[in-house]
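For reference, the structure is listed below as structure tokens.
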Amino acid sequence: MGKISPPYINPSIHPFINVIHSSSLFIHLGISRSSLSKCSKTGAKRTPYRKKRKFELGRPAAMTKLGAKRVHTVRTRGGNSKFRALRLESGNYSWGSEGCTRKTRILTVVYNASNNELVRTNTLVKNAVVQIDATPFRQWYENHYALPLGKKKIATSKAEEVAAAVAQKSKSVQKKVAARQQNGAVDPLLDDQFAAGRLYAVISSRPGQCGRADGYILEGKELEFYLKKIKSRK
2 MGKISPPYIN
12 PSIHPFINVI
22 HSSSLFIHLG
32 ISRSSLSKCS
42 KTGAKRTPYR
52 KKRKFELGRP
62 AAMTKLGAKR
72 VHTVRTRGGN
82 SKFRALRLES
92 GNYSWGSEGC
102 TRKTRILTVV
112 YNASNNELVR
122 TNTLVKNAVV
132 QIDATPFRQW
142 YENHYALPLG
152 KKKIATSKAE
162 EVAAAVAQKS
172 KSVQKKVAAR
182 QQNGAVDPLL
192 DDQFAAGRLY
202 AVISSRPGQC
212 GRADGYILEG
222 KELEFYLKKI
232 KSRK
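In my numbering, each residue carries its 1-based index in the sequence shown increased by 1.
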């Protein structure tokens, strides 16, 4: 039997018919990291001389959102695995100046230097500025320093409770706590955030690669910088 010719399609109705019948059909579909898909320095398109290779593949972005944890495993080159986080709601965050790390909830995305759309859609990516729940860090601070944390109005009510709890402990513990309190001062900008119950933090991991949204709390000059950026965006 002879070859069966494909059905005739009117090019005026389907303007991309020439692309469909092109010999480069299997080369231009899919995401590729090869240099074949790039133009030359003069702007000319390069003629493909081979089909795509597995080692040149690219994958779509994870676009991790806020929500109940959902992580998919992706098989990669060499039999290794990547963990593609599609939804995350918490992560491990470090309070650098205090050397304290706690798992806490991620509340919202407030700033992204690359794309405002990622802020609007609450997309978790590396270097995004987020707000996290301050409760685990406040509890640690009050246990460690025996000092209330927050604005004066809130702190005065807690001061008596904390002092009473320390008084019940042994003298050696009281001496240790007193020594800690000499270096227990907190940045005023952080103190205001603790009073509100929300801390600004930066995601330093890659949720679409490792399946986690871990990071660190903003402090000092870095916090001042991002606060200006957030206010100017609003």
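Built from N, CA and C at the ideal position, the CB exists for glycine as well. All values reported here derive from a predicted model rather than from experimental measurement.
Pairing residue 114 with residue 200 gives a Cβ-Cβ distance that is not under 8 Å.
Looking at the DSSP output, residue 145 bridges to nothing. With the rule of 3 Cβ pairs closer than 8 Å, the region 77-88 does not count as touching the region 97-107.
Inter-residue distance for residue 51 and residue 99 is about 56 Å (C-alpha atoms, whole angstroms).
Around the beta-carbon of residue 122, fewer than 16 other beta-carbon atoms lie within 10 Å, marking it exposed. Taking one beta carbon from each stretch, the region 187-201 and the region 141-153 have 3 or more pairs nearer than 8 Å; the two touch.
Going by beta carbons, residue 62 and residue 72 fall outside the 8 Å limit.
Here residue 60 carries a coil assignment [DSSP, helix/strand/coil]. Remark: C-beta atoms of residue 66 and residue 124 approach each other more closely than 8 Å.
Relative to residue 226, the option among 143, 183, 95 and 190 whose CA is nearest is 190. CA-CA distance, residue 215 to residue 145, rounds to 23 Å. Annotation for residue 200: the continuous beta strand (DSSP E) segment containing it runs 199-204. Residue 179 sits in a helix when the DSSP states are folded into three classes. Separation of the CB atoms of residue 217 and residue 205 is rounded to 6 Å, and the pair is thereby assigned contact status at 8 Å. The C-alpha of residue 129 is placed about 26 Å away from the C-alpha of residue 142. In this structure, the alpha-carbon of residue 181 lies about 26 Å from that of residue 223. Comparing C-alpha distances from residue 219 to each of 133, 40, 183 and 32 shows the shortest one belongs to 133.
In this structure, the beta-carbon distance from residue 31 to residue 53 falls below 8 Å.
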